[in-house]
Ligand SMILES: [Zn+2]
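In the numbering used here, the protein residues as written are 65 to 252.
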């Protein structure tokens, strides 16, 4: 009971969602890394979250509740930070949207996006930043049959990625098809 009460991960306090425990302590209490609805990361003491002393990164005072749901995290197509958002959107399309051409290589083969990422772009974003995302890197699944989830994903350069997918494409053909047929069906 006690452990559960003290673990705030995933809970939402006003505009803040708790992502993980910080190494820092506030007096003797736990401090949590939170992501604000506007996209900023910050550390807040648990007691301040529970008492409602801290409700946002500070943006709440500047713009009280007038932000559109779609634009509140600031990463949509409308501004320069759109790339990470479009990566997230691309993953969801590959795994969930059967009308997308690439769905047959992902969703149709049972590759999923984890619930936390699917439901909340900010959770994906905070994972991306904490795992070394930089402009120009692409997301890669370590096990190509595994899901899009924190334990199976990392960031690699485009050239590493295309080398890897070439190799996997060859392996797939070797496994799935007789040798003589493989040469004719490379692009099927
Ligand atoms: Zn904020």
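Think of the CB as a built atom: it goes at the ideal place given N, C-alpha and C, for glycine as much as any other residue.
- Distance from the CA atom of residue 191 to the CA atom of residue 214, rounded to whole angstroms, is 7 Å.
- Where residue 181 is concerned, the enclosing alpha helix (DSSP H) starts and stops at 179-183.
- Ligand 1 approaches residue 104 closely enough that one of its heavy atoms is under 7 Å from the residue's Cβ.
- In the DSSP annotation of this structure, the continuous segment of the alpha helix (DSSP H) that includes residue 110 starts and ends at 110-115.
- By the CB criterion at 8 Å, residue 160 and residue 174 fall outside the cutoff.
- Here residue 162 carries a coil assignment [DSSP, helix/strand/coil].
- Closest by C-alpha distance to residue 181, out of 201, 198, 211, 114, is 211.
- By the Cβ rule, the stretch 94-102 counts as touching the stretch 74-86, because three or more pairs are nearer than 8 Å.
- Check the Cα spacing between residue 76 and each of 166, 70, 91, 113: the tightest is with 113.
- CA-CA distance, residue 154 to residue 168, rounds to 14 Å.
- For residue 77, the pairing in a beta bridge is given by DSSP as 80.
- Close CB contacts of residue 79 within its chain, under the 8 Å cut and outside five residues either way in sequence, are with 100, 101, 102, 119, 120, 121, 123, 124 (chain order).
- Cβ contact annotation for residue 207 (same chain, cutoff 6 Å, sequence separation greater than five): 216, in chain order.
- Residues 201, 202, 204 of the same chain have their beta carbon placed closer than 7 Å to that of residue 220, with the five preceding and five following residues left out of the count.
- DSSP places residue 170 outside both helix and strand once states are collapsed to three, so it counts as coil.
- Per DSSP, reduced to three states, the secondary structure at residue 154 is helical.
- Spatial neighbours of residue 195 in its own chain (CB-CB distance under 8 Å, excluding positions within 5 residues in sequence) are listed in chain order as 214, 217, 218, 219.
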